[in-house]
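Its first residue numbered 20, the sequence shown is counted upward by one per residue in the working numbering.
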Amino acid sequence: MDQVLDSGTKTATKPIISFRNVSKRWGSTVAVDNVSLDVEPGEFFALLGPSGCGKTTLLRMLAGLEVPTEGTILIDGQDMGNIPPNKRAVNMVFQSYAVFPHMTVADNVAYGLKIDGVPEQERARRVQEALDLVQLGHLAERMPDQLSGGQRQRVALARALVKKPKVLLLDEPLSALDAKLREAMRFELSQLQQKVGITFIMVTHDQNEALAIASRIAVMNKGSIAQLGTPSDLYEFPASRFVADFIGSVNMFEGTLIDDKPDEATVACPELEPYRIHVPHAVLGQESSNVWVAIRPEKMNLHKDADAPPTVPECPAAHNISKGEIQEISYLGEISIFHILLANGRLIRISRPNRSRFDQDNFGWGEKVWVSWGGTSPVVLQG
Ligand code: ATP
């Protein structure tokens with residue numbers, strides 16, 4: 020069975036990369052398990068997942084550094100079965116972005132072209148072009164130890180781009196940089212990809228990085244693709260508990276479907292007793308199923324009125340609300356995170372933007388509150 024669950028939009032273009040039923044095993048370890056996946060030309064595609072989920076193995080098979088145990092990999096329609104790494108139209112930027120320490124920036128970038136026998140004049144022109152692309156034209160004669168981490172990363176990018184690959188493979192490209200630089204480089208990588216217009220495939224375990232840069236993401240779990248989609252698809256419409264948990268932060272409630280009509284469904288959640296969760300659509304079309312309800316922290320409201328339950332628009336009374344008490348407030352500048360202990364002992368997170376300079380004074384530790392959420396906020400997932 021193909022392991023593709025695509026909630027993104029499909030286009031009619033011929034894929035630049037196709038994995039067809041690809042598996043990779045080492046003894047009893049199944050690193051990649053029957054993965055089928057198409058990447059379209061010009062995409063910034065991310066393979067995202069926890070450590071050991073098989074994302075690096077998938078990338079290395081594409082580069083020809085590992086051989087699949089089963090299945091076929093096509094690059095631009097061509098079967099890579101017997102094609103060695105150096106004959107594939109892909110180039111890889113490694114996690115450590117190791118550059119040759121004894122060579123200038125320009126020589127580092129020229130190295131691959133020299134090996135390929137590209138004439139000197141053309142080499143010089145292409146090196147300059149690649150360095151300008153990553154804004155290092157003025158540092159061509161520097162040695163690597165005279166560069167910052169971010170600049171060395173750009174040398175590695177220029178060295179890969181200078182060979183004009185059809186696809187650039189990036190293995191955790193920003194993980195060696197500090198947090199501030201990583202954020203700046205996210206933006207640069209995205210700009211660079213748009214400028215050169217070639218397909219980028221990035222491996223990362225950092226969901227923020229994937230959400231910020233990628234046009235489409237394959238979330239991997241235990242060697243398989245758990246879900247494939249745009250960043251907002253994955254965040255707003257996770258198809259499983261694993262994806263809901265892995266992408267962003269979430270409040271997850273276990274419950275039972277007690278009413279499942281085409282235009283509304285109700286889930287009884289013991290953790291919210293006596294209250295129930297209402298959603299304005301059918302879930303499975305059958306009652307009595309065990310389900311999980313995922314609600315993002317920013318999609319829940321906080322109310323000050325400790326006595327009267329708030330009304331939740333378009334929800335029946337006593338649904339989508341609960342009493343609670345503020346246990347902790349983390350002030351993070353642009354937002355604050357509230358840890359709320361619900362009446363039944365369950366701890367949840369709510370985030371609120373600090374729109375005014377005085378917003379953080381609105382609620383206090385230990386304050387009794389109500390929490391509520393609209394009918395379209397919960398995502399109901401099968402148990
Ligand atoms: P990380 O983010 O930690 O790099 P990953 O998602 O990239 O993880 P892989 O490196 O692809 O995961 O590894 C997937 C599985 O295959 C892991 O269980 C790993 O231990 C195993 N594995 C990877 N390479 C080999 C190898 N050469 N020999 C045996 N097992 C391997």
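Each residue gets a CB set at the ideal place from its N, CA and C atoms; glycine is no exception.
With a cutoff of 8 Å on beta-carbon distance, I92 and V41 are scored as near each other. Taking 8 Å as the cut-off, the beta carbon of I220 is found closer than this to the beta carbon of L188. What you get when you keep residues with a C-beta closer than 6 Å to any heavy atom of the ligand ATP is W45, T48, A50, G68, S70, G71, C72, G73, K74, T75, T76, H224. For V146, the secondary structure class from DSSP, reduced to helix, strand or coil, is helix. Sixteen is the threshold: since fewer than 16 other Cβ atoms of the shown chains lie within 10 Å of the Cβ of P281, the residue is exposed. Relative to P192, the option among S308, D225, K185 whose CA is nearest is D225. The straight-line gap separating the alpha-carbon atoms of I345 and P299 is approximately 29 Å. Taken atom to atom, the span from the alpha-carbon of T395 to that of V128 is near 52 Å. If you compare the alpha carbons of L361, L77, I102 with that of G385, the shortest gap goes to L361. F206: not part of any beta strand (DSSP E); member of the alpha helix (DSSP H) spanning 198-215, first to last residue. Non-local C-beta neighbours of L200 in its own chain, meaning closer than 6 Å and more than five positions away in sequence, comprise G169, ordered along the chain. For P250, there is no enclosing beta strand (DSSP E); the enclosing alpha helix (DSSP H) covers residues 250-255. Contact between A125 and L150 holds, with the beta-carbon distance rounding to 7 Å and staying under 8 Å. Around the beta carbon of V398, 16 or more other beta carbons sit within 10 angstroms, so the residue counts as buried. Take the alpha-carbon of G100 and the one of M239: they are about 24 Å apart.
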